[in-house]
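Here the working numbering is used: position 232 in the sequence shown is 223, and no number is missing along the way.
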Amino acid sequence: MQTTSQQGATTGYLEDTFLALDIGGTNVKSGLISRSGDILSYDSFPTSEGKNPTHLIELIADRLKILWTEAGSNHRPVALAIGAPGWIKPREGIVVMAPNIPGWKDLPITRLMSQALDIPAVLENDANLYALGEWLRGAGKGANNQITLTLGTGVGGGLILNGKLWSGSFTSAAEVGHIPIGGNKRICGCGRPGCLETVASALGMASVARDYLAQKGETLYKGPPEAVDSKLMLELAENGDPMSLTIFKAAGEAIGFVLAGIFNLLGLETAVIGGGGAGAFKFMEPSIKEVMGRHLVTAVIDQIHIVKGALEGNAPLVGAAALLNSSGF
Ligand SMILES: [Zn+2]
């Protein structure tokens, strides 16, 4: 009996799996994912390999087919989750506009990918998939009510309430990066003044650094202002650079004010800080907690968790499993 069942496991057993796609302005990442969020196989290629919008879609479909074929006959992908940046309409499956992907306008990506692979597809905002990943398997695992911030080119957000992704009533929710900070007059990429991401995103912090240099602030940095970026600032901060430490502290304070408001509104228990900019989390953490400690009324600071993301770039692929499970696949 035992031998028979083992043979069955190696020859005839089909495991339902998911395909996950994370389309970024720099790279397109994809993976074959188990229902519980294990990444079974992984692929990545530069987004710039797509010569035009149609070619990029064809490339993505081809790479997903290869991933599927290489996974072997024991795995049967039952659905695809697509994470996309920019302005999207998840329910309609349309990327309205992706600023970092030239030519993607009103793109019915869900229909196109579904037709190419012959499986159902679901579209979600990339920050929401990231949040679902950290919630399912990462730094926010086990938290019933949490917010995830992704510090990258902009500041993305994903909100989990009562164990479910909060989508709001319209095209998006949890746009934490565009919550205004009082007194901040910097103009955001969205065209509005004062948004959190003007001081807490990688681009925002680099812009603040250029102003700091123009005002001859104290710093260890000797290069041209235009060459400052958040990665360089992180290296400088490790060496005690006053400019980088000042800017990370200010970013932490701004995040702290926004989080205090969100926590007071929703009674959350966890905030996960992820994305490329989370490398500077240790420099932001004291000011985030100091500001929250002053303004929090729904809990005391020791009861809540402000943590750095644990999954980094894989979070959206892991989150695909949570999204597809909750979508009934
Ligand atoms: Zn904005």
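Built from N, CA and C at the ideal position, the CB exists for glycine as well.
key: Anticipated Cβ contact below 8 Å, residue 297 with residue 284, distance rounded   = Wrong, their Cβ atoms sit about 10 Å apart, outside the cutoff.
ask   = Does the segment 78 to 88 touch the segment 20 to 29, meaning 3 or more C-beta pairs lie closer than 8 Å?
value = no
query = Run through DSSP, which three-state label would residue 350 get?
reply = What the structure shows of the chain is the stretch from -8 to 320, and residue 350 is not part of that stretch, so it cannot be assessed.
inquiry  = Please state the DSSP three-state secondary structure of residue 146.
reply    = strand
inquiry  = In the DSSP output, what is residue 18 paired with across the bridge?
reply    = 37
Whole-angstrom distance between residue 67 and residue -1, CA atom to CA atom = Model confidence at residue -1 stands at a pLDDT of 35, short of 50, so the residue's coordinates are unreliable; what they give is reported in the following sentence. Spanning the two alpha carbons is a distance of roughly 16 Å.
key: Straight-line Cα distance separating residue 46 from residue 127   = 33 Å
ask   = Which ranges does the beta strand (DSSP E) cover as unbroken runs of at least 3 residues, wholly within the segment 70 to 117, from first to last along the chain?
value = 78 to 80, 85 to 88, 96 to 98 and 112 to 116
Segment limits, beta strand (DSSP E) that includes residue 296 = Residues 296 to 299.
message = What I want to know is whether the C-beta of residue 177 ends up closer than 7 Å to one or more non-hydrogen atoms of ligand 1.
response = no
ask   = Expressed to the nearest angstrom, what Euclidean distance is found between the alpha-carbon atoms of residue 96 and residue 304?
value = 25 Å
inquiry  = My output table needs one value for residue 128: the three-state DSSP class, helix, strand or coil.
reply    = helix
key: Reference residue 177; option with closest CA among 197, 164, 160 and 288   = 197
message = Quick check: the Cα distance between residue 69 and residue 9, rounded to an integer number of angstroms?
response = Rounded to the nearest angstrom, the two C-alpha atoms are 6 Å apart.
message = Could you give the first and the last residue of the continuous alpha helix (DSSP H) run that contains residue 195?
response = 193 to 205
message = If I measure Cβ to Cβ from residue 5 and keep anything under 7 Å in the same chain, skipping five residues before and after, which residues do I get?
response = 65 and 67
request  = For residue 136, I'd like the list of residues in its chain whose CB is within less than 6 Å of its CB, leaving aside the five on either flank, ordered along the chain.
outcome  = 152, 259 and 260
request  = Would you list the one or two residues that DSSP bridges to residue 262?
outcome  = Beta-bridge pairing links residue 262 to 138 and 297.
request  = Compare the beta carbon distance of residue 117 and residue 74 with 8 Å and say whether it is the shorter of the two.
outcome  = yes
inquiry  = Check this for me: beta carbons of residue 308 and residue 22, under 8 Å apart or not?
reply    = In contact: residue 308 and residue 22 (Cβ atoms closer than 8 Å).
ask   = Just reading off the alpha helix (DSSP H) that residue 157 is part of, what are its end residues?
value = Careful: residue 157 lies outside any alpha helix (DSSP H) and carries neither H nor E.
ask   = How many whole angstroms separate the CB atoms of residue 191 and residue 242, which I take to be in contact at a CB cut-off of 8 Å?
value = 4 Å
query = Using a Cβ-Cβ cut-off of 6 Å (strictly less than) and excluding sequence neighbours within five positions of residue 318, which residues of its own chain qualify?
reply = These residues qualify, in order along the chain: 113.
ask   = Do you know whose CA, among 140, 159 and 162, lies nearest residue 193's CA?
value = 140
ask   = With 16 other CB atoms within 10 Å as the buried threshold, where does residue 42 fall?
value = exposed
message = Could you check whether residue 187 and residue 172 sit closer than 8 Å to each other, using their CB atoms as the reference points?
response = A contact, by the Cβ cut-off of 8 Å.
request  = Below 6 Å CB to CB, which residues in the same chain sit around residue 248 once its five sequence neighbours on both sides are set aside?
outcome  = The beta carbon of residue 248 is closer than 6 Å to those of 282 in its chain, skipping five residues each way along the sequence.
inquiry  = So, for residue 225: in the same chain, excluding its five sequence neighbours on each side, which residues have a beta-carbon less than 6 Å away from its beta-carbon?
reply    = 270 and 271
inquiry  = Can you tell me whether residue 143 sits near ligand 1, meaning its C-beta is under 7 Å from at least one heavy atom of the ligand?
reply    = no
query = How about residue 255 and residue 288: do their beta carbons lie closer than 8 Å?
reply = yes
task = Report the option in 252, 203 and 267 whose CA atom is closest to the CA atom of residue 222.
result = 267
ask   = Roughly how many whole angstroms lie between the Cα atoms of residue 252 and residue 181?
value = Going from the Cα of residue 252 to the Cα of residue 181 covers about 21 Å.
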